[in-house]
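S.K.: Numbering (my numbering), first residue to last: 16 to 473.
Ideal placement from N, C-alpha and C gives every residue a C-beta, glycine not left out.
Sending over a structure as structure tokens; questions will come in a sec.
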Amino acid sequence: MCGIFGISGHKEAGKITYLGLYALQHRGEESAGIVSYNKNNIIMKKGMGLVSDVFDKKSIDSLKGKVAIGHVRYSTTGGSHSKNIQPFFVKHKNGNLVIAHNGNLTNSFDLSTKLEQSGSIFQTSMDSEIVVHLLAKEVSPSIEKRVINALSQIEGAYSLLLMINDTMIAARDPFGFRPLCLGKLEGAYIVASETCALDLINATYVRDIEPGEIVFIENGKLRSVKAFEPQKHAHCIFEHIYFARPDSMIFGETVYNVRKKLGACLAEEAKVEADFVMPIPDSGSFAALGYAQRSQKPFELGIIRNHYIGRTFIQPSQFTREFKVRVKLNPIKNVLNGKNVVVVEDSIVRGTTSQNRVKTLRNSGAKKIHFCVSCPPIKNPCFYGIDFPSKKELIAANKSVEQIKDFIGADSLHYLSLNGMLDSVGIDKQSFCTACFSGKYPTKIPTKFSKKMLEKNK
Ligand code: AMP
Numbered sequence: 016m017c018g019i020f021g022i023s024g025h026k027e028a029g030k031i032t033y034l035g036l037y038a039l040q041h042r043g044e045e046s047a048g049i050v051s052y053n054k055n056n057i058i059m060k061k062g063m064g065l066v067s068d069v070f071d072k073k074s075i076d077s078l079k080g081k082v083a084i085g086h087v088r089y090s091t092t093g094g095s096h097s098k099n100i101q102p103f104f105v106k107h108k109n110g111n112l113v114i115a116h117n118g119n120l121t122n123s124f125d126l127s128t129k130l131e132q133s134g135s136i137f138q139t140s141m142d143s144e145i146v147v148h149l150l151a152k153e154v155s156p157s158i159e160k161r162v163i164n165a166l167s168q169i170e171g172a173y174s175l176l177l178m179i180n181d182t183m184i185a186a187r188d189p190f191g192f193r194p195l196c197l198g199k200l201e202g203a204y205i206v207a208s209e210t211c212a213l214d215l216i217n218a219t220y221v222r223d224i225e226p227g228e229i230v231f232i233e234n235g236k237l238r239s240v241k242a243f244e245p246q247k248h249a250h251c252i253f254e255h256i257y258f259a260r261p262d263s264m265i266f267g268e269t270v271y272n273v274r275k276k277l278g279a280c281l282a283e284e285a286k287v288e289a290d291f292v293m294p295i296p297d298s299g300s301f302a303a304l305g306y307a308q309r310s311q312k313p314f315e316l317g318i319i320r321n322h323y324i325g326r327t328f329i330q331p332s333q334f335t336r337e338f339k340v341r342v343k344l345n346p347i348k349n350v351l352n353g354k355n356v357v358v359v360e361d362s363i364v365r366g367t368t369s370q371n372r373v374k375t376l377r378n379s380g381a382k383k384i385h386f387c388v389s390c391p392p393i394k395n396p397c398f399y400g401i402d403f404p405s406k407k408e409l410i411a412a413n414k415s416v417e418q419i420k421d422f423i424g425a426d427s428l429h430y431l432s433l434n435g436m437l438d439s440v441g442i443d444k445q446s447f448c449t450a451c452f453s454g455k456y457p458t459k460i461p462t463k464f465s466k467k468m469l470e471k472n473k
């Protein structure tokens, strides 16, 4: 998972990109970077950590020029190393080439093997670098042709931004797995992963970049090209469940409303007796609100979140994950003592965080804990950019609902049904990828993909 932001045609492009990345921080906390283009020069500032750690006034001021693209990263393929920080830049016969990518290519193994055999030398372990090598091999004098030829070779999930000298290019795969939107600010065009980035800088939302669309932006003009065979859309439903920010509008729906509907639908299905409904903050907050309103039960906050700690899963090592789980949330004993509670969480992945939460609630005096989850059991790995663990670590791939209930220590466990989830996400339920729940993958499953994923799914 990652967040991307780019702006073309604004004299403070670097500064605005920095602000845009701030709004997209939830999409990746490992590293951040901005590249701007000024008078034939590339200016680049990248580093490990949060946007607020990586940039200071001096570096932001140095990002001169009217075009800039930025990236926040959470690694899916490629490890958590400084060499993998995006945007990724190379100087080449066709000029300066910069890429920022969100998604996961499903034919990266085949492509990188072929490219290496024909002499390409990879500097990183990111699948995004493949696009750069493919572009570098193109010989056409037309940027448009070079980009179309390169992108037509990649498969899987990509919402990406390219900068070739001062031309900014945005592209979204024909399935539309990841969100990508177009905005405007004082005549400048903006492309961002989520609309919350437009809100922060007071930009106007124009429309989504459509699945299969490539837009070329230069000298204040936008040209849209549809070069790929249209596909049945497969928007990632987990963006709505967990990943996107609730104040964003993605795939035509406001995430906040969708999450509330998921909770309301869960209340219809679960029908549990309890004194009140409470969320696991913040991930379960909006579904819990929807649950409470539909079931007409009081809404309480039995756990308070410490906001000075990032998302627990975002730093992918077991030690940091467990440490963060413990320090992040604090229960309020007086609220919980002697009560029967409905606890709403957005999803269960490995089950370890949920187990911890239930233990905490129990130790704080809760009498009965009914654990309600606003999506179905996650049973299958994702090949399109959500960093779910391997099948052997996905608890629902290995245990029944009853066994998961026992594992996490709840009195009852209720998952939202697949239909209930699809009823909540918008008008066109057929336009979503539900592979992690249903096992129905919208593309052919890669037989070989990146070395890291191969190891994970052994
Ligand atoms: P657990 O009970 O350990 O499965 O943790 C569940 C919480 O972690 C839920 O809020 C999940 O949405 C959140 N989460 C989201 N994505 C991931 C992920 N890729 N890996 C682990 N946990 C995740």
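Compute the distance between the beta-carbons of G278 and G305, then report whether it is under 8 Å.
M.R.: yes
S.K.: Just the C-alpha distance for V113 and K312, rounded to the nearest angstrom, thanks.
M.R.: 52 Å
S.K.: Expressed to the nearest angstrom, what Euclidean distance is found between the alpha-carbon atoms of A186 and V358?
M.R.: 40 Å
S.K.: Work out the CA separation of V82 and V354 for me, nearest whole Å.
M.R.: Looking at the sequence provided, one finds Lys at residue 354 rather than Val. The alpha-carbon atoms of K354 and V82 are separated by roughly 56 Å.
S.K.: According to the neighbour-count rule (16 or more other Cβ atoms, all chains shown, within 10 Å of its Cβ), is N395 buried or exposed?
M.R.: buried
S.K.: Please indicate yes or no: does the CB of F422 lie closer than 7 Å to some heavy atom of ligand 1?
M.R.: no
S.K.: Any heavy atom of ligand 3 closer than 7 Å to the Cβ of F403?
M.R.: Ligand 3 is not part of this structure, which contains only ligand 1.
S.K.: Just to check, is the beta-carbon of E44 closer than 7 Å to a non-hydrogen atom of ligand 1?
M.R.: Checking every heavy atom of ligand 1 against the Cβ of E44, none is found closer than 7 Å.
S.K.: Using the C-alpha atoms, what's the distance from C280 back to I442?
M.R.: 15 Å
S.K.: Just to confirm, does D361 get its C-beta within under 7 Å of one of the non-hydrogen atoms of ligand 1?
M.R.: yes
S.K.: Consult DSSP for A115 and reduce its assignment to one of helix, strand or coil.
M.R.: strand
S.K.: If you follow the beta strand (DSSP E) that I57 is in, where does it begin and where does it stop?
M.R.: 56-63
S.K.: First and last residue of the alpha helix (DSSP H) that includes I75?
M.R.: Note, I75: alpha helix (DSSP H), 72-77.
S.K.: I'd like the ranges of any alpha helix (DSSP H) spanning at least 4 consecutive residues and lying wholly in the stretch 248-310.
M.R.: 270-285, 300-310
S.K.: How is the beta strand (DSSP E) around H41 delimited, first residue to last?
M.R.: No beta strand (DSSP E) contains H41, which DSSP labels as neither H nor E.
S.K.: I'd like to know if the stretch 382-393 and the stretch 282-301 are in contact, where contact means that at least 3 CB-CB pairs between them fall below 8 Å.
M.R.: yes
S.K.: Between the beta-carbon of V416 and the beta-carbon of I252, is there less than 8 Å?
M.R.: no
S.K.: Please state whether the Cβ-Cβ distance between K406 and A412 is less than 8 Å.
M.R.: yes
S.K.: Applying the 10 Å Cβ sphere with the 16-neighbour rule, what's the burial state of P391?
M.R.: buried
S.K.: Pair every Cβ in the stretch 53-69 with every Cβ in the stretch 25-37, then say whether three or more of these pairs are closer than 8 Å.
M.R.: yes
S.K.: With DSSP collapsed to three states, give me the class of S405.
M.R.: Correct three-state label for S405: coil.
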